[in-house]
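Residue numbers (UniProt numbering): 1 to 101.
Glycine residues also receive a C-beta, built at the ideal position from the N, C-alpha and C atoms.
Computed from a predicted model, the values in this text were never measured in an experiment.
The structure under discussion appears below in the form of structure tokens.
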């Protein structure tokens, strides 16, 4: 089966485009595009998650720690830990999020 980001609706408004294009009993996969200054506010998830930077520069806060990630970087989010993602670059940033159930 082939899944395409373009076949799914945007779940956000404003400077963020978030599209959940795959979901099964084992995983959820979403692509998030952030315009410069766009930010996903702190939130948590019951699933363990990975965030991979496709392109751009983002600041990721996980608990009390802050990290700057660029293209081809990966970070993990433990379950039930507050985290946020902000585009701190001059251009658009795109990330892939994989939640493992």
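For residue i, the residue or residues it bridges with in DSSP
| i | result |
| --- | --- |
| residue 22 | 29 |
| residue 7 | DSSP lists no partner for residue 7. |
Range of the contiguous beta strand (DSSP E) that encloses residue i
| i | result |
| --- | --- |
| residue 87 | 83 to 87 |
Same chain, Cβ closer than 6 Å to residue i, neighbours up to 5 away in sequence not counted
| i | result |
| --- | --- |
| residue 88 | 57, 59 |
| residue 31 | 5, 19, 96 |
| residue 17 | 10, 33 |
| residue 104 | This structure does not reach residue 104, given that the chain is present from 1 up to 101, and the question cannot be answered. |
| residue 68 | 59 |
Beta-carbon contacts of residue i that lie in its chain and below 7 Å, excluding the five residues immediately before and after
| i | result |
| --- | --- |
| residue 66 | 59 |
Integer-rounded CB distance, given that residue j should sit under 8 Å from residue i
| i | j | result |
| --- | --- | --- |
| residue 49 | residue 21 | With a Cβ gap of about 15 Å, residue 49 and residue 21 do not count as contacting. |
What ranges does the beta strand (DSSP E) occupy inside the UniProt domain "Cupin type-2" (32 to 98), keeping only unbroken runs of at least 3 residues that lie completely in it? 39 to 43, 48 to 55, 57 to 62, 65 to 70, 74 to 77, 83 to 87
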